[in-house]
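Notes follow the structure.
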Amino acid sequence: MTGIDTRTRSIVLRAAGLTALALAATFALDPFRNYQLAVIAATFCATAGLTLLVGLTGQLSLGHAVLMAAGGYGYALVAGPAAEAGLPGAARFALGLLGAVVISGAVGGLLGLAGARLRGPYLAGLTLALVIALPALATQVPGLGKDQGLGVPFEGVPGLLAGVMVVEQWHAWIAIVVAAVAVTPLVVLRSGRAGLRMRAVHGDEVAARLAGVSPARVKVGAFVVSSVAAGLGGAVLAVVTQNVGPGRYSLAFSLLLLVAVVVGGLGSVGGAAVGAALVVLLPWFVDTLASGLPADLEQRLSGNLAVAVFGALLIAVTVAWPGGLATATAGLRGRAGRRLSRTPPAGGVPSGLPPSEPRPDPRPITER
Amino acid sequence: MDRLVLLVSTGVARGLVIALFALSLVIIWRAARIVNFAQAAMAVMAVYVAFAIEAATGSYLLALLAALVTGALLGVAVERGLMRHVAGRTPMPGMIVAIGLVMVLQSLLGILFGAKHRPMTPVLSESPLYVGGVPVLSRYDLFVLVVALVVVVGLGLLFNRSTLGLQLRASAVAPEVSRLLGVRVPRMVTIGWMLSSAVAALAVLLLVPTELGLNAHSGDVLFVHAFTVAVLGGLDSPAGALLGGVVVGVLVSLVTGYASAGLAPLAVLALLTTVLLVRPGGIFAAKEARTA
Numbered sequence: 001m002t003g004i005d006t007r008t009r010s011i012v013l014r015a016a017g018l019t020a021l022a023l024a025a026t027f028a029l030d031p032f033r034n035y036q037l038a039v040i041a042a043t044f045c046a047t048a049g050l051t052l053l054v055g056l057t058g059q060l061s062l063g064h065a066v067l068m069a070a071g072g073y074g075y076a077l078v079a080g081p082a083a084e085a086g087l088p089g090a091a092r093f094a095l096g097l098l099g100a101v102v103i104s105g106a107v108g109g110l111l112g113l114a115g116a117r118l119r120g121p122y123l124a125g126l127t128l129a130l131v132i133a134l135p136a137l138a139t140q141v142p143g144l145g146k147d148q149g150l151g152v153p154f155e156g157v158p159g160l161l162a163g164v165m166v167v168e169q170w171h172a173w174i175a176i177v178v179a180a181v182a183v184t185p186l187v188v189l190r191s192g193r194a195g196l197r198m199r200a201v202h203g204d205e206v207a208a209r210l211a212g213v214s215p216a217r218v219k220v221g222a223f224v225v226s227s228v229a230a231g232l233g234g235a236v237l238a239v240v241t242q243n244v245g246p247g248r249y250s251l252a253f254s255l256l257l258l259v260a261v262v263v264g265g266l267g268s269v270g271g272a273a274v275g276a277a278l279v280v281l282l283p284w285f286v287d288t289l290a291s292g293l294p295a296d297l298e299q300r301l302s303g304n305l306a307v308a309v310f311g312a313l314l315i316a317v318t319v320a321w322p323g324g325l326a327t328a329t330a331g332l333r334g335r336a337g338r339r340l341s342r343t344p345p346a347g348g349v350p351s352g353l354p355p356s357e358p359r360p361d362p363r364p365i366t367e368r
Numbered sequence: 001m002d003r004l005v006l007l008v009s010t011g012v013a014r015g016l017v018i019a020l021f022a023l024s025l026v027i028i029w030r031a032a033r034i035v036n037f038a039q040a041a042m043a044v045m046a047v048y049v050a051f052a053i054e055a056a057t058g059s060y061l062l063a064l065l066a067a068l069v070t071g072a073l074l075g076v077a078v079e080r081g082l083m084r085h086v087a088g089r090t091p092m093p094g095m096i097v098a099i100g101l102v103m104v105l106q107s108l109l110g111i112l113f114g115a116k117h118r119p120m121t122p123v124l125s126e127s128p129l130y131v132g133g134v135p136v137l138s139r140y141d142l143f144v145l146v147v148a149l150v151v152v153v154g155l156g157l158l159f160n161r162s163t164l165g166l167q168l169r170a171s172a173v174a175p176e177v178s179r180l181l182g183v184r185v186p187r188m189v190t191i192g193w194m195l196s197s198a199v200a201a202l203a204v205l206l207l208v209p210t211e212l213g214l215n216a217h218s219g220d221v222l223f224v225h226a227f228t229v230a231v232l233g234g235l236d237s238p239a240g241a242l243l244g245g246v247v248v249g250v251l252v253s254l255v256t257g258y259a260s261a262g263l264a265p266l267a268v269l270a271l272l273t274t275v276l277l278v279r280p281g282g283i284f285a286a287k288e289a290r291t292a
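Sequence order for the protein chains is A and B.
Numbering-wise, the first sequence is residues 1 to 368 according to UniProt numbering.
Numbering-wise, the second sequence is residues 1 to 292 according to UniProt numbering.
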């Protein structure tokens, strides 16, 4: 048990260190950069959940945008009435997050139940149908505010910090802290017994069942955990943009989340962070580049060019470099580590989806 | 009553288009064990070519041929140029590459042609014909019905009665054994892609005149419907695709006619979820669990 405890403690310590670093970094950024940082942190919640789901259990979800939307709506539906009832900021925010967790967890649980019975293409198709149906869902279900979506109460800078920061920086702080709270448990799960079970189910369901692991329970559990993380991301995005609506959570956005985890490396949480930054910053960068062009051309390029680049990236990474960024850096780290200390790299082995390997994998599951 | 007859018969015509598209998904699944998420984008691209040919020559027949040929060529290009190089025994890398292809194709079409819908006039009139005083199908719907049935019967004959069909089925089920018996398995996979994307292009070409018009995303909803059909019937079952297509087409038509068009996607989603939760093996699947 002490081994697990020290591992958990080291993960939490590392997370706390990274969070403090990110919080400090917000002071060096201007308001717009801080806004982008908040969006990246929110997206990171979803990509971290998705990379766990796809990389470790092999369930391909194209619908994580819907889970983010579920979190956003959950937040808005609770925080809106709470604000009208006159609750102060912190309590309202906590209740809103609870709403986000409940709704996204429920939607994720339902999808997970379906996912436990389905595989590969069928689950992907179901989640795809869900994303396509989201605008209809938002307009037809009463209380979701139709196309415009719901407004979300404004979270201003609290009195103590009001002299130090502007609202964008405060929102970035909120986003960073929520992302840390959402992602750290995922990393703990991934490195512990639950992660092992997920990999076992992904590797060989029959063998996992013989070893006493219930594939259905593991898959549903993974889906719920992944959905809750995505839902928290959606709640943060709702706070930052003060709105939640179907427009933001289109199929294109859902596919971008997939691009982020594939490019970052399936199963790698660090890769998910890099991927989240990429899918937020690249479209903005491309749009900035295109803004000097004639209006007609700019209108055509806006949005489309970034999607084309992402699609090409998705294809190139999958065909040429199946492990994504994580494998490359882990390989470098592993080699460097061996050279320095002659100990095997801890946790550096990329998990999940080794597509190029022949299937009967000779290594025992514990080493994968 | 009149309204019901009209809605059901229109639904059947729409359903056959969905069935055609679902059939194209079944063909590719049986040939290469992959769900081609890029099917709709590829088909829309072929229809853009057909659209240009029709505008240039004024002949619908030439446009039809152009859609089929372009679809087939796109299928070959994607299989030879891309899918063949995807490693792995799990279906996931193939799916991810197909999704990447959707993004590339749709955004390229968006850049080239803009976001607006290009209207496409149907080759025959869309006002309904009357049978005994009851409005039933339009001429165009009848045309769609006939074309779809001809293609379905033709594919059935090809797969079940010809040597090529036997080779196609054999190389899909047991590639190693087929290779030992002299079947050129890679060529069969390519032929499967050709057939599949040509059929998909035909389905989108038949669909577009009845919808808003041609746009990079014209095929998206059709793909979701067809995928629902594939889940209803099972990706391995052509008969299931046919029947499922008609069921989904009639459902969408009835919901649109009696409730509202906004509810149709929800009805399809509800149908899909119900089937998945109640009978996850699909209605026509023989096996208890799906193994991808």
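Note that CB positions come from ideal geometry on N, CA and C, so glycine has one too.
{"Query": "Members of the stretch 248 to 272 of chain A that neighbour chain B once the beta carbon cut-off is set at 7 Å", "Result": "L255, L258 and V262"}
{"Query": "Three or more C-beta pairs below 8 Å linking the stretch 195 to 204 of chain A and the stretch 55 to 63 of chain A", "Result": "yes"}
{"Query": "Min CB distance T140 (chain A) to chain B below 8 Å", "Result": "Here the sequence assigns Gln to residue 140 (chain A), which means Thr is not the residue at that position. Closer than 8 Å to some Cβ of chain B, the Cβ of Q140 (chain A) qualifies, so yes."}
{"Query": "Burial state of T163 (chain B), where buried means 16 or more other Cβ atoms lie within 10 Å", "Result": "exposed"}
{"Query": "Within chain B, the residues that R300 (chain A) reaches when beta carbons sit closer than 7 Å", "Result": "G110, I111 and G114"}
{"Query": "Neighbour list for P283 (chain A) in chain B, Cβ cutoff strictly below 9 Å", "Result": "The premise fails here: P283 (chain A) is roughly 11 Å from chain B at the closest Cβ pair, so nothing lies under 9 Å."}
{"Query": "Proximity of Y75 (chain A) and G99 (chain A) at Cβ, strictly below 8 Å", "Result": "yes"}
{"Query": "8 Å Cβ cutoff, L222 (chain B) in contact with chain A", "Result": "no"}
{"Query": "The stretch 144 to 161 of chain A contacting the stretch 243 to 260 of chain A, beta-carbon criterion three pairs below 8 Å", "Result": "yes"}
{"Query": "Boundaries (first-last residue) of the alpha helix (DSSP H) holding V204 (chain B)", "Result": "V185 to L207"}
{"Query": "Which residues DSSP lists as bridging Y130 (chain B), in chain order", "Result": "B:P135"}
{"Query": "Of the residues A:I40, A:L53 and A:D30, the one placed nearest V187 (chain A), counting alpha carbons only", "Result": "A:L53"}
{"Query": "Residues bridged to G151 (chain A) (per DSSP)", "Result": "A:N243"}
{"Query": "Range of the contiguous alpha helix (DSSP H) that encloses Y75 (chain A)", "Result": "H64 to E84"}
{"Query": "Beta-carbon proximity list for L7 (chain B), same chain, < 6 Å, skipping 5 on both sides", "Result": "S253, L254 and G257"}
{"Query": "L82 (chain B) and A41 (chain B) closer than 8 Å at C-beta", "Result": "no"}
{"Query": "Inter-residue Cα distance where the pair is G75 (chain B) and F37 (chain B)", "Result": "13 Å"}
{"Query": "Buried versus exposed, by CB contacts within 10 Å (16 or more), P91 (chain B)", "Result": "buried"}
{"Query": "Distance cut-off 7 Å: V150 (chain B) Cβ against heavy atoms of the ligand FMN", "Result": "As for the ligand FMN, it is missing from this structure, which has no ligand bound."}
{"Query": "Close Cβ partners of G221 (chain A) (< 8 Å) along its chain, the five nearest in sequence each way excluded", "Result": "G112 and A194"}
{"Query": "V269 (chain A), buried or exposed, once every other Cβ within 10 Å from all chains shown has been counted against 16", "Result": "buried"}
{"Query": "Proximal chain A residues relative to H117 (chain B), where beta-carbon distance stays under 8 Å", "Result": "None at all; the shortest Cβ gap to chain A is about 15 Å."}
{"Query": "Nearest-angstrom Cα separation, counted from A264 (chain B) out to A79 (chain A)", "Result": "31 Å"}
{"Query": "Beta carbon proximity, L166 (chain B) to chain A, threshold 8 Å", "Result": "no"}
{"Query": "Coarse secondary structure for R14 (chain A), derived from DSSP in three states", "Result": "helix"}
{"Query": "Where F310 (chain A) meets chain B, residues with beta-carbon distance less than 7 Å", "Result": "M103"}
{"Query": "Cβ pair count under 8 Å reaching 3, the stretch 177 to 196 of chain B against the stretch 206 to 216 of chain B", "Result": "no"}
{"Query": "Beta-ladder partner(s) of R118 (chain B), from DSSP", "Result": "B:L214"}
{"Query": "D141 (chain B), buried or exposed, once every other Cβ within 10 Å from all chains shown has been counted against 16", "Result": "buried"}
{"Query": "Given 8 Å, three or more beta-carbon pairs between the stretch 220 to 237 of chain A and the stretch 288 to 298 of chain A", "Result": "no"}
{"Query": "Interface partners of V268 (chain B) on chain A, CB under 8 Å", "Result": "A129 and A133"}
{"Query": "Close Cβ partners of T190 (chain B) (< 7 Å) along its chain, the five nearest in sequence each way excluded", "Result": "V76, E79 and R80"}
{"Query": "Residue from B:L180, B:L168, B:A201 and B:V204 with nearest C-alpha to R187 (chain B)", "Result": "B:L168"}
{"Query": "Cβ neighbour criterion (16 or more within 10 Å) applied to P283 (chain A)", "Result": "buried"}
{"Query": "Rounded straight-line distance, which links the Cα of V17 (chain B) to that of V224 (chain B)", "Result": "13 Å"}
{"Query": "Any C-beta of chain B under 8 Å from that of G58 (chain A)", "Result": "yes"}
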